[in-house]
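Participant: For the sequence shown, this note's numbering assigns the number 232 to the initial residue and increments by one for each residue that follows. Every residue gets a Cβ at the ideal spot worked out from N, C-alpha and C, and that includes glycine. Here the structure is a predicted model, which is why all the values come from computation and not from measurement.
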Amino acid sequence: EERPIRLMLGTCPTKEDKEAFAIVSVPVSEIRDLDFANDASYMLSNVVDKMNEGFLSQNDRRFVIQLLEDLVFFVSDVPNNGQNVLDIVITKANRERQKLM
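Here it is, written out as structure tokens:
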């Protein structure tokens, strides 16, 4: 199975121009985290716009509640196994995910 390769371009200020760039691979999990954070931010922005317009349907409210719960699981780096979001205990914070949000 051929999988797409994700690459990131890194720069180094102390090298000559011809040596300044390096292509390094980026973990798939990091790409997924960034995609989730971007999508969540976009959706929350849409909800804020709807709230400012004065109209937020019941479905929108349910969606926002679920999204906020998913964000708590995401930032706390705890898998969502159906437990109550308020029962989560964070043993080790994932600083990278916190910075994304």
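So, using beta-carbon positions, are residue 264 and residue 294 closer together than 9 Å?
Facilitator: In the sequence shown, residue 264 corresponds to position 33, counting from 1. In the sequence shown, residue 294 corresponds to position 63, counting from 1. Their beta carbons are not under 9 Å apart, which means residue 264 does not touch residue 294 by this criterion.
Participant: Determine the extent of the alpha helix (DSSP H) in which residue 279 is found, giving its start and end residues.
Facilitator: Residue 279 sits at position 48 when you count from the first residue of the sequence shown. Counting along the chain, the alpha helix (DSSP H) containing residue 279 begins and ends at 259-284.
Participant: Between 316, 307, 320 and 298, which lies nearest to residue 326 when the distance is taken from Cα to Cα?
Facilitator: In the sequence shown, the residue the question calls residue 326 occupies position 95. Among 316, 307, 320 and 298, the Cα nearest to that of residue 326 is on 307.
Participant: Between residue 278 and the rest of its own chain, which residues show a CB-CB distance below 6 Å, the 5 nearest in sequence each way excluded?
Facilitator: As a working mapping, residue 278 is identified with position 47 in the sequence shown. Counting only Cβ-Cβ distances below 6 Å, and skipping sequence neighbours, we find 295.
Participant: How is the alpha helix (DSSP H) around residue 289 delimited, first residue to last?
Facilitator: As a first step, residue 289 is located in the sequence shown; it is residue number 58 there, counting from the start. Where residue 289 is concerned, the enclosing alpha helix (DSSP H) stretches over 289-307.
Participant: Could you check whether residue 271 and residue 298 sit closer than 9 Å to each other, using their CB atoms as the reference points?
Facilitator: Along the sequence shown, one-based indexing puts residue 298 at 67. Along the sequence shown, one-based indexing puts residue 271 at 40. A contact, by the Cβ cut-off of 9 Å.
Participant: Have a look at the DSSP bridge pairing and note the partners of residue 316.
Facilitator: For the purposes of this step, residue 316 is taken as the residue at position 85 of the sequence shown. Its beta-bridge partners do not exist; DSSP assigns none.
Participant: Rounded to whole angstroms, how far is the Cβ of residue 302 from the Cβ of residue 274, which I believe are closer than 8 Å?
Facilitator: In the sequence shown, counting from the first residue as 1, residue 302 sits at position 71. In the sequence shown, counting from the first residue as 1, residue 274 sits at position 43. Their Cβ separation, rounded to whole angstroms, is 10 Å, which puts residue 302 and residue 274 out of contact at 8 Å.
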